[in-house]
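Numbering (our numbering), first residue to last: 827 to 1057.
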């Protein structure tokens, strides 16, 4: 499939775009600026105030905050069909986290002017934006809950359960997280050291709760013990 056709179909499957009339979808697609980023490239720095909304056409990105000690904390991972940067267009404030490409990625940029023209005057789109903001808030609540866990293994289990619940692909053996996560990525997500994550993943593999597949994806098996949260 040609890249432009694939990108157009990606847009059509995003709720805030599918609410638009066909003519509006065509017009918007024609004015979207596409930009490619290499793995490790910084798309947005924390406290930037870019006037764009970004749509991921290919690849994955991570949303991170840098702790006072300089350690990176992954807040969330976004993949093809996701978007980000809309909050700076809605409230006019700076970007609260940095956006970094986890792999080579193609991103579509929508200007503030076009965002207001196509999205902010459509009642159905506004409803979808409210739904999206609720989802973002739930993500933040979940990460706060995960990071409040003091036990390292429970925190790791919570991160794996959380990621697989969002991105997991059902398999007869369990759920497959369909992209490569390095031990450092998981460590940055769970606010643990890479060494601790490596040790705990080895333990979970030995207990037959997870399996690291050939492509480095992680299979969360049906025997995986879900984390227990304090009430």
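Ideal Cβ placement from N, Cα and C applies to all residues, glycine included.
Just so you know, these numbers come straight off a predicted model, no measurement behind them.
Exercise for the section: Assign residue 1020 to one of three DSSP states: helix, strand, or coil. Expected result: The sequence position of residue 1020 within the chain shown is 194, counting from 1. Looking at residue 1020 - three-state DSSP - the assignment turns out to be helix.
Practice task
Output the distance between the C-alpha atoms of residue 908 and residue 881, rounded to the nearest integer angstrom.
Solution key: On the chain shown, residue 908 is found 82 positions in, with the first residue counted as 1. On the chain shown, residue 881 is found 55 positions in, with the first residue counted as 1. In a straight line, the C-alpha of residue 908 is about 6 Å away from that of residue 881.
Practice task
Could you tell me if residue 896 is buried or exposed, where buried requires 16 or more neighbouring beta carbons within 10 angstroms of its beta carbon?
Solution key: For the purposes of this step, residue 896 is taken as residue 70 along the chain shown, with counting starting at 1. By the neighbour-count rule (16 or more Cβ atoms within 10 Å), residue 896 is not buried but exposed.
Practice task
Mind the definition here: the stretch 904-921 touches the stretch 848-864 only if three or more C-beta pairs lie below 8 Å; say whether that holds.
Solution key: no
Problem - Whole-angstrom C-beta distance between residue 866 and residue 926, which should lie under 8 Å - result: Taking the chain shown and counting its residues from 1, one reaches residue 926 at position 100. Taking the chain shown and counting its residues from 1, one reaches residue 866 at position 40. Contact holds; Cβ gap of about 7 Å.
Handout entry: Simplified DSSP assignment, three categories, for residue 992
Key = The residue labelled residue 992 in the question sits at position 166 within the chain shown. Reduced to three states, the DSSP call for residue 992 is helix.
Exercise for the section: Taking residue 999 and residue 1047 to be in contact with their CB atoms under 8 Å, please state how far apart those CB atoms are, rounded to whole angstroms. Expected result: To locate residue 999, count along the chain shown from 1; it is residue 173. To locate residue 1047, count along the chain shown from 1; it is residue 221. Contact holds; Cβ gap of about 6 Å.
Practice task
Please go through the same chain and pick out, in chain order, the residues whose beta-carbon is closer than 7 Å to the beta-carbon of residue 1026, but skip the five residues on each side of it.
Solution key: Taking the first residue of the chain shown as position 1, residue 1026 is located at position 200. Same-chain partners within the cutoff: 978, 979, 982.
Problem - Top-ranked residue by Cα proximity to residue 1022, from 1032, 1033, 1009 - result: By 1-based counting over the chain shown, the position of residue 1022 is 196. That would be 1009, whose Cα lies nearest to the Cα of residue 1022.
Handout entry: Local conformation of residue 901 per DSSP, three classes
Key = Sequence index remark: in the chain shown, residue 901 carries index 75 (1-based). In this structure, residue 901 counts as strand in the three-state DSSP scheme.
Exercise for the section: For residue 1037, write down the residues that DSSP places opposite it in a beta bridge. Expected result: If you number the chain shown from 1, residue 1037 lands on position 211. In the DSSP output, where bridge partners are listed per residue, residue 1037 has 1045.
Problem - Residue interval of the beta strand (DSSP E) (run including residue 859) - result: In the chain shown, residue 859 corresponds to position 33, counting from 1. It spans 859-863 - the beta strand (DSSP E) in which residue 859 sits, taken as one unbroken run.
Handout entry: Where residue 957 falls, given that 16 or more other Cβ within 10 Å makes a residue buried
Key = The residue you call residue 957 lines up with position 131 of the chain shown. So residue 957 ends up on the exposed side.
Practice task
Can you tell me which of 888, 847, 893, 986 puts its alpha carbon nearest to the alpha carbon of residue 948?
Solution key: Here residue 948 refers to the residue found at position 122 of the chain shown. It is 847 whose Cα lies nearest to the Cα of residue 948.
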